[in-house]
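Read through the structure below, which is laid out as structure tokens, and then see the notes.
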């Protein structure tokens, strides 16, 4: 997949849909590490040319992440270990406790 000045991504093999059931075609995917306070997990982020929300809005809402998503500091996905960190964004939230409970 062509990178257009961004970190190289692989062609994804899935199609998602928004919470309003509109189909979203991904343009790329890349492995990354997500960190919520002191809990980290490996995952994949997907690139799409859309303003629609992906399914999962219910989980984001239940975990209380919706209020801080737009303020998350991120690193350049082209770096060796891309990480999204919430520790400095929501020090008083219960996100880490919720993640520990759901993913022991």
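Residue numbers (the UniProt record's numbering): 1 to 104. All residues carry an ideal CB built from backbone N, CA and C; glycine is no exception.
Closest to residue 49 by CA distance: which of 20, 25, 37 and 42 is it? Ranked by Cα distance from residue 49, the first of 20, 25, 37 and 42 is 25.
Coil, strand or helix - residue 102 by DSSP: In this structure, residue 102 counts as helix in the three-state DSSP scheme.
Where does residue 14 sit, in a helix, a strand or coil, going by DSSP? Residue 14 carries a coil assignment under DSSP once its states are collapsed to helix, strand and coil.
Which same chain residues end up closer than 8 Å to residue 10 when comparing Cβ atoms and leaving out the 5 residues on each side of it in sequence? 1, 28, 29 and 30, listed in sequence order.
Cβ neighbours of residue 41 in the same chain (closer than 6 Å, five flanking residues each side left out): The answer, listed in chain order, is 34.
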